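Worksheet: one structure, shown below.
Residue numbers (this note's numbering), protein chains in the order written: chain A, 2 to 242; chain B, 739 to 922.
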């Protein structure tokens, strides 16, 4: 007999080695996420995908599924926690949606919509962050970085270039660029790299593409984050593809 | 009868602090529904009435963030006088575009705008005592006073404003439809 877990009462089969997230994705059950992308090794840092498995809260993208595991996911309590996490991400950076090219294609924004975030609630940090426009084809705007490490993983594991890394600890953690000058323009990053197209927010943008698709016709103007995550593995381009 | 109707009308005050009046313009864009609205509400302090101070009101609608001492004074007056306070638009909710200056030293900002910007004549930083004291940062209004409801959108669409206001006026907790919840 096949091994199975239940999520919110629904029985889902899984294969050995699959995480709760893998089993859910295979079955078309949505667990909110920001730092996870099925194409890359799980990271477990954004905590949006936390579910309750056998009475304990665990990140579903890193927790292996085990036979008979009882998981709750889409509950008001977990969704309130997720909303608080998104609110903290909003106040920790400088996320000014009306002034951002990625608005409408941004998964942080879409997570806010999905979780019905009406305000960031917490006190804004307004941290001073750097903008790097040194690359001929790519903008790097650290105001919008949520430290999901998707670019770090994509550059290391898919592009094999190791362009990005995280430096510092705790609240001082920040994205760094692997060049002597620390500037993106002095790396071998190319606009065709996976890392250039994987940012869930507007921290990594392709130049001269910003408004080719107008606001109102972009990815999350058409569909919810759950429809997007379940419907395609591919990331939205800054120009809405 | 006429008197009765006037007494039962909901009193609304509105203001724009560090905002662009876009939210007010979007309110006017409810078009002919303005007639229905005016049947239900009476405006107290608002750019529509030119009343200068907010009296006791049922609903206060605040556009824009808090960027100077005058903004803070008006906001406190609204909170003291309005039973329900609504933050409308991202400037009131996050600081939005005016808050882009929050990472720039205020003096540097002033010099850039008034002294170095090409085309400025006289090269003088405004210093009249009547001008309100600018704050070092622009703050969302919920970081200054308690806010009861938030209406997102830059600006919120006329439909979002209409649904929100009719809910509130008719005594319901405003429910914002997924399609109308927008931060941009």
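Glycine included, each C-beta is placed from N, C-alpha and C at the ideal position.
For clarity, every value in this text was computed on a predicted model and none was experimentally measured.
Original post:
In angstroms, rounded to a whole number, what distance separates the CA positions of residue 50(A) and residue 881(B)?
Top reply: Stepping through the first chain from its first residue, residue 50(A) is reached at position 49. Stepping through the second chain from its first residue, residue 881(B) is reached at position 143. Each residue's alpha carbon lies about 29 Å from the other.
Original post:
CB residue 875(B) to CB residue 834(B), shorter than 8 Å?
Top reply: As a working mapping, residue 875(B) is identified with position 137 in the second chain. As a working mapping, residue 834(B) is identified with position 96 in the second chain. Not closer than 8 Å, so no.
Subject >> Helix, strand or coil at residue 872(B) according to DSSP, with G and I counted as helix >> reply: Position 134 of the second chain, counted from the first residue, corresponds to residue 872(B). Three-state DSSP puts residue 872(B) in a strand.
**OP:** Determine which residues share a DSSP beta bridge with residue 820(B) and list them.
**Re:** By one-based count along the second chain, residue 820(B) stands at place 82. DSSP output for residue 820(B) lists 795(B) as bridge partner(s).
Original post:
Beta carbon of residue 138(A), beta carbon of residue 203(A): below 8 Å?
Top reply: Working through the first chain from its first residue, we reach residue 138(A) at position 137. Working through the first chain from its first residue, we reach residue 203(A) at position 202. Not closer than 8 Å, so no.
**OP:** Measure the beta-carbon distance from residue 87(A) to residue 124(A) and round it to whole angstroms, keeping in mind my assumption that it falls under 8 Å.
**Re:** Here residue 87(A) refers to the residue found at position 86 when the first chain is read from its first residue. Here residue 124(A) refers to the residue found at position 123 when the first chain is read from its first residue. Residue 87(A) to residue 124(A), Cβ: 16 Å. No contact.
Original post:
When you compare each of 846(B), 886(B), 813(B) and 785(B) to residue 761(B) by their alpha carbons, which one comes out closest?
Top reply: For this step, residue 761(B) is matched to residue 23 along the second chain. Residue 761(B) has its Cα closest to that of 785(B), out of 846(B), 886(B), 813(B) and 785(B).
**OP:** Per DSSP, which residues does residue 918(B) bridge with? Please list them.
**Re:** As a working mapping, residue 918(B) is identified with position 180 in the second chain. In the DSSP output, where bridge partners are listed per residue, residue 918(B) has none listed.
Original post:
If you run the structure through DSSP and keep just helix, strand and coil, what is residue 759(B)?
Top reply: Indexing the second chain from 1 puts residue 759(B) at position 21. Note: residue 759(B) maps to coil in three-state DSSP.
Subject >> Reduced DSSP category for residue 133(A) - H, G, I as helix; E, B as strand; rest coil >> reply: Counting from one through the first chain, the residue named residue 133(A) turns up at place 132. Three-state result, residue 133(A): strand.
Original post:
Would you report the Cα separation of residue 855(B) and residue 110(A), rounded to the nearest angstrom?
Top reply: Counting from one through the second chain, the residue named residue 855(B) turns up at place 117. Counting from one through the first chain, the residue named residue 110(A) turns up at place 109. Each residue's alpha carbon lies about 34 Å from the other.
Original post:
What does residue 837(B) reach in chain A if we use C-beta pairs closer than 9 Å?
Top reply: Against the second chain, residue 837(B) aligns to sequence position 99. Chain A residues near residue 837(B): 95, 97, 125 and 127.
**OP:** Mind checking which residues open and close the beta strand (DSSP E) that includes residue 166(A)?
**Re:** The sequence position of residue 166(A) within the first chain is 165, counting from 1. Start and end: 165 to 168.
**OP:** Please report the residue range of the alpha helix (DSSP H) in which residue 115(A) lies.
**Re:** Counting from 1 along the first chain, the entry for residue 115(A) is found at position 114. 108 to 115 is the span of the alpha helix (DSSP H), which, as asked, contains residue 115(A).
**OP:** With 8 Å as the threshold, decide whether the Cβ of residue 121(A) is near any Cβ in chain B.
**Re:** For this step, residue 121(A) is matched to residue 120 along the first chain. Yes, because at least one Cβ of chain B sits closer than 8 Å to the Cβ of residue 121(A).
Original post:
Which term fits residue 195(A), buried or exposed, when burial requires 16 or more other beta carbons within 10 angstroms of its beta carbon?
Top reply: Stepping through the first chain from its first residue, residue 195(A) is reached at position 194. Burial call: buried.
Original post:
Going by alpha carbons, who is nearest to residue 104(A) out of 229(A), 232(A), 231(A) and 218(A)?
Top reply: Here residue 104(A) refers to the residue found at position 103 of the first chain. Ranking 229(A), 232(A), 231(A) and 218(A) by Cα distance to residue 104(A) puts 218(A) first.
**OP:** Give the residues from the region 214 to 231 of chain A that approach chain B closer than 8 Å (Cβ to any Cβ), ordered along the chain.
**Re:** 216 and 225
Subject >> Closest residue to residue 911(B) among 798(B), 776(B), 782(B) and 822(B) (Cα-Cα distance) >> reply: Residue mapping note: residue 911(B) aligns to position 173 of the second chain, counting from 1. Of the listed residues, the one whose Cα sits closest to residue 911(B) is 822(B).
Original post:
For residue 769(B), which option in 844(B), 899(B), 922(B) and 817(B) has the closest C-alpha, if you only look at C-alpha atoms?
Top reply: As a working mapping, residue 769(B) is identified with position 31 in the second chain. The shortest C-alpha separation from residue 769(B) is found at 899(B).
**OP:** Have a look at 90(A), 155(A) and 176(A) and flag the residue whose alpha-carbon is nearest the alpha-carbon of residue 42(A).
**Re:** What you label residue 42(A) is simply residue 41 of the first chain in a count that begins at 1. It is 155(A).
Original post:
Got a sec: is the Cβ-Cβ distance from residue 154(A) to anything in chain B below 8 Å?
Top reply: Position 153 of the first chain, counting from 1, holds the residue named residue 154(A). Not one chain B Cβ lies under 8 Å of residue 154(A).
**OP:** List the residues of chain A whose Cβ lies closer than 9 Å to the Cβ of residue 682(B), in chain order.
**Re:** Nothing about residue 682(B) can be read from this structure; chain B reaches only from 739 to 922.
Original post:
Is the beta carbon of residue 824(B) sitting closer than 8 Å to the one on residue 755(B)?
Top reply: Here residue 824(B) corresponds to residue number 86 of the second chain, with the count starting at 1. Here residue 755(B) corresponds to residue number 17 of the second chain, with the count starting at 1. Against a cut-off of 8 Å, the Cβ pair of residue 755(B) and residue 824(B) comes out as no contact.
Original post:
Where does residue 99(A) sit, in a helix, a strand or coil, going by DSSP?
Top reply: In the first chain, the residue the question calls residue 99(A) occupies position 98. Three-state result, residue 99(A): helix.
**OP:** Give the DSSP-derived three-state secondary structure of residue 904(B) in the structure shown.
**Re:** Within the second chain, numbered from 1, the residue matching residue 904(B) stands at position 166. If DSSP states are grouped into helix, strand and coil, residue 904(B) belongs with the helices.
Original post:
What is the rounded straight-line gap between the Cα of residue 55(A) and the Cα of residue 72(A)?
Top reply: Within the first chain, the letter at position 54 stands for residue 55(A). Within the first chain, the letter at position 71 stands for residue 72(A). Looking at the two C-alpha atoms, the distance is approximately 6 Å.
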